[in-house]
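Chains as they are written, first to last, in my numbering: chain H, 1 to 316; chain V, 317 to 643; chain F, 644 to 1022.
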């Protein structure tokens, strides 16, 4: 063992106890898990937090509301075109249907469709993009061109065409979901592919390979989890995009069909409501669409900020 | 550069060919020209139906029909035969395209110019009140359903017209039924009809592009070459535009070209509300009247348009960013 | 190189410079009181770890800090105060009187413009020349810094140049208008060692051609040894030692400087010696505790160090100052005299060439006798 340090510098070195005390004086950094960091940053985004609250309220409104407000959305009463009042907080339309329950039901279906589309499109898109980016070369080129093919045709046209053919069939709702998924998955694929392209150059991929990991394992165990932030953000924004697209299709008559309802459908039926003197019939469904899309967009923005490691906000 | 362009051009061809096949399959399976005849009362005889089928070419095998259509297109320059009477597909499509292009081009111009101005300004003045205000407004536009807002705008315009007694806003059709004579007056008339639809459609694009431009500009503003440019003693304006904007615009130009397909969808919706006789009406009536050749022509033209825009995006990117030319 | 050029005209004087950045977590004191002067023709090396404030203080000189930074103190150039100067006035000084070279050559040049354009831009910003004249001068400059085939390469884009070449272009831009001061902020950090030598050579040429004074910022002591006349060592936003290059290298008087020198691997050592690393890491600049910021890592520390932050005081000569309460104790000491306690904790396998007692000899390193410079008569 090497001999103890010479004390030519005098006894200024001090005892080991003093040295230990000195070491403690250094700053101890509290270790935070990534989840905590992300959550903390999200909480700092005021608009996102407020939107989260509002969005939860909207969801509760749509799904729990009907349990409290039991008027049926298809019940045609004798009160036609009544203004908002106690018995009909949102008024009634030309058929005497209570708008409040109609809006609840419409919000329900729009939300369900949006979430399903978002989950499926993001999952499919992310895996597709990851595989494409990982293999690169001609596989990547071909895969991306196929994805581009989906984006070549205006979604409206496809929806109109397919819906016209399969109208009145029970599967029309699934068809709508399918069409919307086809619209949104290439976007997710593109983003994830770009991320994977840069991630696969990193050393941990090489290390995994050196350890003998198979391609599938590298993609699913190493690459995709690192894109989780993007995936979450994309899926959130896809919900917003789907709401807007679905309501547009329903407005044109090619989306959700009777007897189902959608906020877009409500707007169509009440198009002339303003000049007819019952503007609430037109405004309320529209406001709900805006509310849902806006809150989700803010939440998505908050998530994006929270996952971005390079964000520094300096308040001057 | 030339090599790159040619290569990209050649790469587009297989996509185009694949598109034609996809188009044909989609239409063949969903647009049946027999539809109006199948529900006629009194019902037609089997022989009559069969002769109709032969006339529509439905008795031939699928691939044969595809080939016939494709060769007709490429070799003879014809889109096929419409089931609608006195309807020359090429010509009608041309009219419809011209109308819709007014809307699309107008929208791109307005949205792009506004987006660049706002994006750059808010990036330079990050976290200022202006930045927060425009961000909030931008989010609102992003969450606005185009169709709902179009109806709303139309209502307001009518109310303004009525209250001021003028006919400032034209809410119906893309031009007046009896347009004024002369090029300029006609142009003015067209513009008057364009105001509302362009405003409606450009809100969404503006919101998305301005955020994009802001992010792009922020990235550029923090880059090392901007710092070096300042260290050289160049004026702040020169640094901002010559070095900053020049780089920050690159991603946006690509994005604009890529967003064109989505813009077409929006145009279809907007046209419907303002009763424009453009691509929207062409398509919807072709579907409703079970006119497969017209539908295919429409899909083909839009596909070509989108593919060309993608090509332009790539080429533009290579022109603006010399690093890409090596790829 | 070892000429202490103290008789030249004073070009740049930095007095009590402090820079504070507001962040989401609080105020970061990046620079906490820097003083130095720069005379014509001399090379001042500023040495320190990342986060020591060396780059920030130079960016303050150029006025390139973000608007949110709070700057106090004084920076005078040829007598004129630079802090608080309007952007228009600063424009005239940047690139013309004071030029800067940045760290990462891969991102310093604008990728969409040709190299010639960026060089000519620098020339035309401060000189009324025709395009042709500017181009001629640009080709000249490229030749001076050692770019082969300058007339052809002037029309190429930055991505067609290697890292070292790009940095030489940046040097050419810096010397384009014959500035009085060139600030080189870690010019070789991002480059391979072999390329480093070439770039440093170009830097030396630039200094000689323009006669400029240079501030060379780096964390690499080897680079400083070969280039600088005087050295300023920074730690936690403050200078902790300043003096002539020989004084600093042969007679360091601050434990941090000692530690830095001791952690340099030496090819000229007789036998394998353990490096003497400084344990621990630099303090956070968010909220520095009172006293000497180096205290947690310093083997010499006592209670006084925790209470009072030492000032820069003169050691042997007026030029050589150190900020340590016990700097006198360090006279004539080597790094492993002071730091070997820490080195001991670092376990090194015997196979690495360490000497084992009883087998190859004693491990404790002997005092290596280096010739002391003759400091008689120096001012």
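Where a beta carbon is used, it is the ideal one built from N, C-alpha and C, also for glycine.
Run down chain V in chain order and give the residues with a C-beta less than 7 Å from the C-beta of residue i.
{"i": "residue 244/H", "result": "461"}
{"i": "residue 274/H", "result": "471"}
{"i": "residue 298/H", "result": "455"}
{"i": "residue 829/F", "result": "In chain order: nothing, as chain V lies at least about 12 Å away."}
{"i": "residue 271/H", "result": "467"}
{"i": "residue 743/F", "result": "547"}
So what's residue i in DSSP terms, helix, strand or just coil?
{"i": "residue 715/F", "result": "strand"}
{"i": "residue 956/F", "result": "strand"}
{"i": "residue 46/H", "result": "helix"}
{"i": "residue 720/F", "result": "strand"}
{"i": "residue 400/V", "result": "coil"}
{"i": "residue 542/V", "result": "helix"}
{"i": "residue 575/V", "result": "coil"}
{"i": "residue 447/V", "result": "helix"}
{"i": "residue 781/F", "result": "helix"}
{"i": "residue 735/F", "result": "helix"}
{"i": "residue 961/F", "result": "coil"}
{"i": "residue 129/H", "result": "helix"}
{"i": "residue 798/F", "result": "coil"}
{"i": "residue 828/F", "result": "strand"}
{"i": "residue 608/F", "result": "What is shown of chain F runs 644 to 1022, which leaves residue 608/F out entirely."}
{"i": "residue 242/H", "result": "helix"}
{"i": "residue 859/F", "result": "strand"}
{"i": "residue 921/F", "result": "coil"}
Could you tell me which chain H residues have their CB closer than 9 Å to the CB of residue i, listed as they occur along the chain?
{"i": "residue 618/V", "result": "152, 153, 154 and 157"}
{"i": "residue 342/V", "result": "153, 158, 161 and 162"}
One question on the structure: do residue i and residue j come within less than 8 Å of each other, judged by their Cβ atoms?
{"i": "residue 349/V", "j": "residue 399/V", "result": "yes"}
{"i": "residue 86/H", "j": "residue 99/H", "result": "no"}
{"i": "residue 697/F", "j": "residue 691/F", "result": "yes"}
{"i": "residue 536/V", "j": "residue 563/V", "result": "yes"}
{"i": "residue 104/H", "j": "residue 150/H", "result": "no"}
{"i": "residue 559/V", "j": "residue 547/V", "result": "no"}
{"i": "residue 540/V", "j": "residue 835/F", "result": "no"}
{"i": "residue 852/F", "j": "residue 797/F", "result": "no"}
{"i": "residue 275/V", "j": "residue 343/V", "result": "Residue 275/V falls outside the range modelled here, since chain V spans only 317 to 643, and no answer is possible."}
By the criterion of Cβ-Cβ separation under 8 Å, what are the contact partners of residue i in chain H?
{"i": "residue 588/V", "result": "252"}
{"i": "residue 405/V", "result": "Correct list: empty, because the minimum Cβ distance to chain H is about 16 Å."}
Give me the chain B residues within the contact set of residue i, using Cβ-Cβ distance strictly less than 9 Å, ordered along the chain.
{"i": "residue 247/H", "result": "The structure shown contains no chain B; its protein chains are H, V and F."}
Who does residue i pair with in a DSSP beta bridge?
{"i": "residue 282/H", "result": "Looking at the DSSP assignment, residue 282/H forms no beta bridge with any residue, so it has no partner."}
{"i": "residue 664/F", "result": "671/F"}
{"i": "residue 886/F", "result": "874/F"}
{"i": "residue 679/F", "result": "657/F"}
{"i": "residue 742/F", "result": "825/F"}
{"i": "residue 98/H", "result": "92/H"}
{"i": "residue 686/F", "result": "857/F"}
For residue i, tell me which candidate among the options has the shortest Cα-Cα distance.
{"i": "residue 965/F", "options": "975/F, 946/F, 976/F and 897/F", "result": "897/F"}
{"i": "residue 888/F", "options": "907/F, 880/F, 865/F and 790/F", "result": "865/F"}
{"i": "residue 704/F", "options": "968/F, 797/F and 715/F", "result": "715/F"}
{"i": "residue 528/V", "options": "378/V, 405/V, 425/V and 566/V", "result": "566/V"}
{"i": "residue 106/H", "options": "182/H, 261/H and 274/H", "result": "261/H"}
{"i": "residue 152/H", "options": "419/V, 507/V and 576/V", "result": "576/V"}
{"i": "residue 879/F", "options": "812/F, 721/F and 938/F", "result": "938/F"}
{"i": "residue 653/F", "options": "689/F, 669/F, 700/F and 721/F", "result": "721/F"}
{"i": "residue 131/H", "options": "214/H, 54/H, 156/H and 68/H", "result": "214/H"}
{"i": "residue 1023/F", "options": "695/F, 684/F and 683/F", "result": "No information on residue 1023/F is available, as it lies outside the stretch 644 to 1022 that chain F covers here."}
Can you list the residues of chain V that residue i reaches, using a CB-CB cut of under 8 Å?
{"i": "residue 738/F", "result": "547, 548, 549 and 550"}
Under 9 Å Cβ-Cβ, which residues of chain V neighbour residue i?
{"i": "residue 233/H", "result": "The premise fails here: residue 233/H is roughly 13 Å from chain V at the closest Cβ pair, so nothing lies under 9 Å."}
Find the residues of chain H that neighbour residue i, judging by a C-beta separation of less than 7 Å, and give them in chain order.
{"i": "residue 577/V", "result": "151, 152 and 154"}
{"i": "residue 398/V", "result": "Under the 7 Å cutoff, chain H gives no residues; its nearest Cβ is about 16 Å from residue 398/V."}
{"i": "residue 631/V", "result": "Those within 7 Å of residue 631/V in chain H number zero; the least Cβ separation is about 16 Å."}
Just to make sure I have the definition right: I need the residues of chain F whose C-beta is within less than 8 Å of the C-beta of residue i. Which are they?
{"i": "residue 637/V", "result": "754 and 755"}
By the criterion of Cβ-Cβ separation under 7 Å, what are the contact partners of residue i in chain F?
{"i": "residue 562/V", "result": "755"}
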